[in-house]
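One structure is given here, and the rest of the page talks about it.
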Amino acid sequence: MATLPDGTPLPGKLFVVEGIDGSGKSTQLDLIHKWLISQGHLVVFTEWNSSPLVRRTTQRGKKGQLLTPLTFSLIHAADLADRMERQVIPALKAGAIVLADRYIYTAFARDAARGVRPQWVRQLYGFAVRPTVAFYFQVPLDEALRRILVGRPQLKWYEAGMDLGLSPDPYESFRLFQQRILGHYQDMIDEFGLTVIEATRPLVQQQQQVRALLTPHLRKLLRADQSPWREALAQEGLYGRYLHTTDRGLRSEP
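Residue numbers (this note's numbering): 33 to 286.
Quick look at the structure:
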(Lines of atoms letter the chains of each structure in order from A; the text may use other names.)
(Lines give C-alpha, C1' and ligand atoms only; values in the text may rest on other atoms or scores of the structure.)
Protein backbone atom coordinates (compact mmCIF):
# COMPACT_ATOMS: atom_id res chain seq x y z
CA MET A 33 0.00 0.00 0.00
CA ALA A 34 0.99 3.64 -0.31
CA THR A 35 1.68 5.27 3.05
CA LEU A 36 2.30 8.75 4.37
CA PRO A 37 5.69 9.36 6.02
CA ASP A 38 4.13 8.74 9.45
CA GLY A 39 2.97 5.29 8.34
CA THR A 40 -0.68 6.20 7.72
CA PRO A 41 -2.02 4.00 4.89
CA LEU A 42 -3.78 5.59 1.93
CA PRO A 43 -6.65 3.98 -0.01
CA GLY A 44 -5.02 4.43 -3.42
CA LYS A 45 -1.90 2.88 -4.92
CA LEU A 46 1.32 4.58 -5.98
CA PHE A 47 3.38 2.82 -8.64
CA VAL A 48 6.65 4.41 -9.74
CA VAL A 49 9.26 3.62 -12.39
CA GLU A 50 12.95 4.37 -12.08
CA GLY A 51 16.12 3.77 -14.06
CA ILE A 52 18.91 5.55 -15.86
CA ASP A 53 18.24 7.39 -19.11
CA GLY A 54 17.64 4.87 -21.88
CA SER A 55 16.31 2.13 -19.61
CA GLY A 56 12.89 2.13 -21.31
CA LYS A 57 10.95 2.89 -18.13
CA SER A 58 8.77 5.62 -19.67
CA THR A 59 7.70 3.35 -22.52
CA GLN A 60 6.71 0.65 -20.05
CA LEU A 61 4.82 3.11 -17.86
CA ASP A 62 2.88 4.42 -20.85
CA LEU A 63 1.79 0.87 -21.68
CA ILE A 64 0.80 0.26 -18.06
CA HIS A 65 -1.17 3.53 -18.05
CA LYS A 66 -3.18 2.50 -21.11
CA TRP A 67 -3.72 -1.02 -19.76
CA LEU A 68 -5.03 0.19 -16.40
CA ILE A 69 -7.43 2.61 -18.06
CA SER A 70 -8.67 -0.16 -20.37
CA GLN A 71 -9.44 -2.18 -17.23
CA GLY A 72 -11.63 0.64 -15.91
CA HIS A 73 -9.25 2.01 -13.29
CA LEU A 74 -8.95 5.70 -12.51
CA VAL A 75 -5.32 6.64 -13.12
CA VAL A 76 -3.52 9.88 -12.29
CA PHE A 77 -0.17 10.37 -14.04
CA THR A 78 2.68 12.50 -12.73
CA GLU A 79 6.22 12.97 -13.96
CA TRP A 80 9.50 14.41 -12.79
CA ASN A 81 10.04 18.16 -13.07
CA SER A 82 6.49 18.96 -14.21
CA SER A 83 5.08 21.24 -11.51
CA PRO A 84 3.89 24.54 -13.02
CA LEU A 85 4.98 26.24 -9.80
CA VAL A 86 8.70 25.78 -10.47
CA ARG A 87 8.99 24.71 -14.11
CA ARG A 88 9.82 28.16 -15.49
CA THR A 89 12.34 28.80 -12.74
CA THR A 90 14.02 25.49 -13.53
CA GLN A 91 14.09 26.31 -17.24
CA ARG A 92 15.67 29.72 -16.60
CA GLY A 93 18.24 28.19 -14.29
CA LYS A 94 19.20 25.55 -16.84
CA LYS A 95 19.30 27.98 -19.75
CA GLY A 96 21.62 30.31 -17.88
CA GLN A 97 23.64 27.44 -16.38
CA LEU A 98 22.90 28.95 -12.96
CA LEU A 99 22.04 25.82 -10.98
CA THR A 100 24.54 24.36 -8.53
CA PRO A 101 24.22 20.77 -7.25
CA LEU A 102 22.56 22.11 -4.10
CA THR A 103 20.08 24.44 -5.81
CA PHE A 104 19.34 21.74 -8.38
CA SER A 105 18.45 19.40 -5.52
CA LEU A 106 16.27 21.97 -3.79
CA ILE A 107 14.35 22.99 -6.90
CA HIS A 108 13.52 19.38 -7.74
CA ALA A 109 12.39 18.81 -4.16
CA ALA A 110 10.08 21.83 -4.50
CA ASP A 111 8.71 20.37 -7.73
CA LEU A 112 7.83 17.07 -6.07
CA ALA A 113 6.49 18.74 -2.92
CA ASP A 114 4.05 20.79 -5.01
CA ARG A 115 2.87 17.76 -6.99
CA MET A 116 2.70 15.68 -3.80
CA GLU A 117 0.30 18.07 -2.07
CA ARG A 118 -1.77 19.13 -5.07
CA GLN A 119 -1.90 15.92 -7.10
CA VAL A 120 -0.46 12.73 -5.60
CA ILE A 121 -1.86 12.72 -2.06
CA PRO A 122 -5.39 13.91 -3.04
CA ALA A 123 -5.59 11.17 -5.68
CA LEU A 124 -4.37 8.50 -3.25
CA LYS A 125 -6.82 9.65 -0.57
CA ALA A 126 -9.65 9.30 -3.09
CA GLY A 127 -8.60 5.73 -3.87
CA ALA A 128 -7.12 6.28 -7.34
CA ILE A 129 -3.98 4.82 -8.87
CA VAL A 130 -1.05 7.21 -9.26
CA LEU A 131 1.66 6.43 -11.80
CA ALA A 132 4.92 8.33 -11.38
CA ASP A 133 7.55 8.58 -14.09
CA ARG A 134 10.56 9.00 -11.77
CA TYR A 135 10.23 9.58 -8.05
CA ILE A 136 12.44 10.27 -5.03
CA TYR A 137 14.98 7.66 -6.12
CA THR A 138 15.86 9.81 -9.13
CA ALA A 139 16.89 12.58 -6.74
CA PHE A 140 18.76 10.15 -4.51
CA ALA A 141 20.79 8.92 -7.49
CA ARG A 142 21.32 12.14 -9.44
CA ASP A 143 21.97 14.44 -6.51
CA ALA A 144 24.48 12.02 -5.00
CA ALA A 145 26.13 11.71 -8.41
CA ARG A 146 26.54 15.49 -8.31
CA GLY A 147 28.22 15.30 -4.92
CA VAL A 148 25.33 16.17 -2.60
CA ARG A 149 25.45 14.18 0.63
CA PRO A 150 23.10 11.16 0.23
CA GLN A 151 21.72 11.28 3.77
CA TRP A 152 20.88 14.97 3.41
CA VAL A 153 18.94 14.26 0.20
CA ARG A 154 17.01 11.44 1.87
CA GLN A 155 16.03 13.76 4.72
CA LEU A 156 15.04 16.48 2.24
CA TYR A 157 12.46 14.16 0.71
CA GLY A 158 11.06 13.03 4.04
CA PHE A 159 7.67 14.48 3.03
CA ALA A 160 7.17 11.97 0.21
CA VAL A 161 4.59 9.19 0.22
CA ARG A 162 6.07 5.70 0.34
CA PRO A 163 5.13 3.95 -2.92
CA THR A 164 3.20 0.72 -3.23
CA VAL A 165 5.71 -0.64 -5.74
CA ALA A 166 8.85 1.02 -7.11
CA PHE A 167 10.09 -0.61 -10.32
CA TYR A 168 13.73 -0.27 -11.26
CA PHE A 169 14.43 -0.96 -14.92
CA GLN A 170 17.94 -2.34 -14.91
CA VAL A 171 20.02 -2.03 -18.05
CA PRO A 172 23.78 -2.12 -18.76
CA LEU A 173 25.30 1.31 -19.21
CA ASP A 174 26.51 0.70 -22.77
CA GLU A 175 23.05 -0.42 -23.91
CA ALA A 176 21.38 2.60 -22.29
CA LEU A 177 23.88 4.96 -23.91
CA ARG A 178 23.32 3.36 -27.31
CA ARG A 179 19.57 3.89 -27.02
CA ILE A 180 19.92 7.51 -25.94
CA LEU A 181 22.62 8.65 -28.34
CA VAL A 182 21.29 7.13 -31.56
CA GLY A 183 19.95 10.01 -33.61
CA ARG A 184 20.54 12.64 -30.92
CA PRO A 185 22.01 15.84 -32.45
CA GLN A 186 23.36 17.00 -29.10
CA LEU A 187 23.05 16.59 -25.35
CA LYS A 188 21.81 19.32 -23.03
CA TRP A 189 24.38 20.82 -20.67
CA TYR A 190 23.00 19.53 -17.36
CA GLU A 191 21.79 16.30 -18.96
CA ALA A 192 25.38 15.55 -19.93
CA GLY A 193 26.65 16.43 -16.45
CA MET A 194 28.82 19.20 -17.88
CA ASP A 195 28.38 21.16 -14.66
CA LEU A 196 30.55 18.57 -12.89
CA GLY A 197 33.66 19.04 -15.03
CA LEU A 198 33.98 15.31 -15.68
CA SER A 199 35.12 15.79 -19.28
CA PRO A 200 35.16 18.62 -21.85
CA ASP A 201 33.47 16.24 -24.30
CA PRO A 202 29.68 16.17 -23.71
CA TYR A 203 29.29 12.54 -24.71
CA GLU A 204 32.11 11.33 -22.48
CA SER A 205 30.78 13.51 -19.66
CA PHE A 206 27.33 11.99 -20.15
CA ARG A 207 28.77 8.47 -19.97
CA LEU A 208 30.68 9.22 -16.76
CA PHE A 209 27.67 10.96 -15.21
CA GLN A 210 25.31 8.09 -16.04
CA GLN A 211 27.88 5.64 -14.68
CA ARG A 212 27.76 7.44 -11.33
CA ILE A 213 23.97 7.45 -11.35
CA LEU A 214 23.86 3.75 -12.19
CA GLY A 215 26.07 2.96 -9.21
CA HIS A 216 23.74 4.80 -6.83
CA TYR A 217 20.69 3.02 -8.27
CA GLN A 218 22.36 -0.35 -7.73
CA ASP A 219 23.01 0.55 -4.09
CA MET A 220 19.34 1.45 -3.59
CA ILE A 221 17.89 -1.87 -4.75
CA ASP A 222 18.30 -3.50 -1.35
CA GLU A 223 18.04 -0.29 0.69
CA PHE A 224 14.54 0.53 -0.58
CA GLY A 225 13.36 -2.83 -1.85
CA LEU A 226 13.14 -1.75 -5.48
CA THR A 227 11.50 -4.30 -7.77
CA VAL A 228 14.02 -5.03 -10.51
CA ILE A 229 12.91 -5.47 -14.11
CA GLU A 230 15.60 -6.62 -16.54
CA ALA A 231 15.24 -3.96 -19.23
CA THR A 232 17.23 -5.88 -21.84
CA ARG A 233 14.44 -8.44 -22.17
CA PRO A 234 11.89 -8.05 -24.99
CA LEU A 235 9.45 -5.21 -24.37
CA VAL A 236 6.43 -7.53 -24.28
CA GLN A 237 8.02 -9.78 -21.67
CA GLN A 238 8.84 -6.80 -19.47
CA GLN A 239 5.26 -5.57 -19.75
CA GLN A 240 3.84 -8.96 -18.87
CA GLN A 241 6.05 -9.14 -15.78
CA VAL A 242 5.06 -5.67 -14.60
CA ARG A 243 1.34 -6.37 -15.09
CA ALA A 244 1.62 -9.63 -13.15
CA LEU A 245 3.31 -7.81 -10.27
CA LEU A 246 0.69 -5.03 -10.24
CA THR A 247 -2.42 -7.19 -10.46
CA PRO A 248 -2.56 -8.20 -6.76
CA HIS A 249 -2.66 -4.49 -5.82
CA LEU A 250 -5.63 -3.55 -8.01
CA ARG A 251 -8.54 -4.43 -5.76
CA LYS A 252 -10.98 -1.98 -4.15
CA LEU A 253 -9.81 1.11 -6.00
CA LEU A 254 -11.66 4.12 -7.41
CA ARG A 255 -12.79 3.34 -10.94
CA ALA A 256 -13.30 5.59 -13.94
CA ASP A 257 -16.72 4.07 -14.58
CA GLN A 258 -17.96 5.40 -11.24
CA SER A 259 -19.89 8.56 -12.12
CA PRO A 260 -18.78 10.69 -9.15
CA TRP A 261 -15.03 10.15 -9.62
CA ARG A 262 -14.41 13.83 -10.39
CA GLU A 263 -16.22 14.80 -7.22
CA ALA A 264 -14.26 12.21 -5.23
CA LEU A 265 -10.96 13.63 -6.45
CA ALA A 266 -12.02 17.24 -5.98
CA GLN A 267 -13.23 16.49 -2.46
CA GLU A 268 -9.71 15.36 -1.55
CA GLY A 269 -8.15 18.47 -3.06
CA LEU A 270 -7.38 17.48 -6.65
CA TYR A 271 -8.67 20.30 -8.82
CA GLY A 272 -7.70 22.83 -11.44
CA ARG A 273 -4.91 21.82 -13.82
CA TYR A 274 -4.35 18.41 -12.26
CA LEU A 275 -8.02 17.39 -12.39
CA HIS A 276 -8.30 18.56 -15.99
CA THR A 277 -5.15 16.61 -16.92
CA THR A 278 -6.64 13.44 -15.45
CA ASP A 279 -9.90 14.03 -17.31
CA ARG A 280 -8.09 14.54 -20.64
CA GLY A 281 -6.01 11.42 -20.05
CA LEU A 282 -9.11 9.30 -19.62
CA ARG A 283 -10.99 10.78 -22.56
CA SER A 284 -8.03 10.42 -24.92
CA GLU A 285 -8.00 6.65 -24.57
CA PRO A 286 -9.89 4.58 -27.18
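Even for Gly, the Cβ is constructed at its ideal location relative to N, Cα and C.
{"Query": "Helix, strand or coil at Gln-170 [DSSP, three-state]", "Result": "strand"}
{"Query": "Assumed close pair Phe-206, Gly-193 - CB separation to whole angstroms, cut-off 8 Å", "Result": "6 Å"}
{"Query": "Buried/exposed call for Thr-103, threshold 16 Cβ in 10 Å", "Result": "exposed"}
{"Query": "Nearest neighbour of Ser-105, chosen from Val-228, Tyr-157 and Pro-172 [CA to CA]", "Result": "Tyr-157"}
{"Query": "7 Å CB neighbourhood of Gly-147 in its chain, flanking five on each side removed", "Result": "Pro-101"}
{"Query": "Nonlocal neighbours in the same chain, by C-beta distance under 6 Å from His-249, ignoring five residues either side", "Result": "Lys-45 and Thr-164"}
{"Query": "Whole runs of the beta strand (DSSP E) within the stretch 202–246, excluding any shorter than 3 residues", "Result": "227–230"}
{"Query": "Ala-132 - containing alpha helix (DSSP H), residue span", "Result": "Segment 129–133 is the beta strand (DSSP E) holding Ala-132; no alpha helix (DSSP H) there."}
{"Query": "Where Glu-117 falls, given that 16 or more other Cβ within 10 Å makes a residue buried", "Result": "exposed"}
{"Query": "Extent of the continuous alpha helix (DSSP H) run through Thr-90", "Result": "87–95"}
{"Query": "Per DSSP, the bridge partner or partners of His-73", "Result": "Arg-255"}
{"Query": "DSSP beta-bridge partners of Phe-104", "Result": "Partner(s): none; Phe-104 has no beta bridge."}
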